[in-house]
Every structure is written in structure tokens, then in C-alpha cells.
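Asks: One structure is given below, represented as C-alpha cells, and several questions about it will come after.
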Amino acid sequence: MASLNSVPVYLVGSLCVALGLNCFARPAHEYERFGLPLESATPTRRRTTPDLGIVSPLIYLKGIREVTYGLTLIGLQFWGVATGVTVALAAFSLAGLGDAVVVWRYGGNQLRNKALGHGVTFVGMMGWAWWRATSA
Numbered sequence: 001m002a003s004l005n006s007v008p009v010y011l012v013g014s015l016c017v018a019l020g021l022n023c024f025a026r027p028a029h030e031y032e033r034f035g036l037p038l039e040s041a042t043p044t045r046r047r048t049t050p051d052l053g054i055v056s057p058l059i060y061l062k063g064i065r066e067v068t069y070g071l072t073l074i075g076l077q078f079w080g081v082a083t084g085v086t087v088a089l090a091a092f093s094l095a096g097l098g099d100a101v102v103v104w105r106y107g108g109n110q111l112r113n114k115a116l117g118h119g120v121t122f123v124g125m126m127g128w129a130w131w132r133a134t135s136a
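With the first letter of the sequence shown counted as 1, position 57 gets the number 57 in the UniProt record's numbering; the numbers rise by one all the way through.
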């Protein structure tokens with residue numbers, strides 16, 4: 001596996017880090033990009049504006065997950081652990097499958113189409129991992 005091109009791994013790793021950082025920089029926008037509605041806000045007597053939803057701290061966990069995935073891929077590639085990159089890709093692809101199920105179930109009719117993107121991510125990453133494993 002040492003002869004595999006490292007550029008795609010660095011690109012995917014960097015993309016994961018960027019997506020994770022977006023969760024911290026623009027958490028409310030990340031909900032729509034991901035495919036979930038904002039959390040419902042608890043009504044109060046002081047609120048005079050309509051309930052547009054709130055950002056749950058759970059979106060930051062998604063950000064941590066994405067940054068961790070990216071740094072793992074970059075680190076494994078940097079240290080030349082090609083088998084580790086392949087195993088990580090296969091394992092991380094399962095998050096795409098899980099995300100697709102969650103978005104399909106809880107995204108609502110307007111955001112349900114985002115589940116397809118998560119499914120494509122699962123198939124793409126798992127396929128890439130399979131290709132890497134069989135190309136050596």
C-alpha cells in the first residue's frame with residue numbers, strides 16, 4: 001500500500017478538519033448543511049421573537065468528531081501507516097451511514113434529501129477503503 005497516492009488522503013483529512021471547524025464557527029448553519037432542524041427552544045415569558053430554534057451543544061460534538069477524523073487521516077498518512085489509513089477510512093465511512101439514517105429519520109421532509117449525501121459519503125469512503133485494501 002505504500003505506493004498509493006497520499007494527496008487524496010490529505011485532501012479528505014483537511015476537508016474533515018474544515019467541516020469540523022465550521023461547526024464551531026457557524027453552528028446554526030451547520031444544522032441545515034448536515035440535514036437536521038435546529039432544536040426547539042423552551043418558551044419563556046421574556047421571549048418576544050418567534051421561536052426559530054436554538055443550537056444544541058451536540059453540534060459541537062459533531063465538530064470534534066470531524067476534526068478528529070481529519071487529524072487521524074492526516075497523521076496516519078504523514079507517518080506512512082497506509083494500512084491504518086485504509087482501516088480508518090472504512091471505520092469512518094460508517095459514520096456516514098449512521099448520519100444518513102439519523103437525517104432520514106429526524107431531518108423532516110424538507111431536509112430528508114440530505115440523507116442521500118451522507119449515504120454517498122458512506123459508499124464513497126467504503127469503496128475507497130476497499131479499493132485501497134485490494135490494490136496493494
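Built from N, CA and C at the ideal position, the CB exists for glycine as well.
How far does the alpha helix (DSSP H) with Leu61 in it extend, from its first residue to its last?
Replies: Per DSSP, Leu61 belongs to the alpha helix (DSSP H) from Leu58 to Phe78.
Asks: Residues bridged to Glu39 by DSSP?
Replies: Answer by DSSP bridge pairing, in chain order: Ile54.
Asks: Flag this pair as yes or no: are the beta carbons of Lys114 and Gly53 separated by less than 7 Å?
Replies: No; because the gap between Cβ atoms is not below 7 Å, this pair is not in contact.
Asks: How would you call Ser135, buried or exposed, if buried means at least 16 neighbouring beta carbons within 10 angstroms?
Replies: With fewer than 16 Cβ atoms within 10 Å of its Cβ, Ser135 is classed as exposed.
Asks: Take every Cβ of the segment 19-37, pair it with every Cβ of the segment 84-104, and state whether three or more of those distances are shorter than 8 Å.
Replies: The answer is yes - the segment 84-104 touches the segment 19-37, with three or more Cβ pairs under 8 Å.
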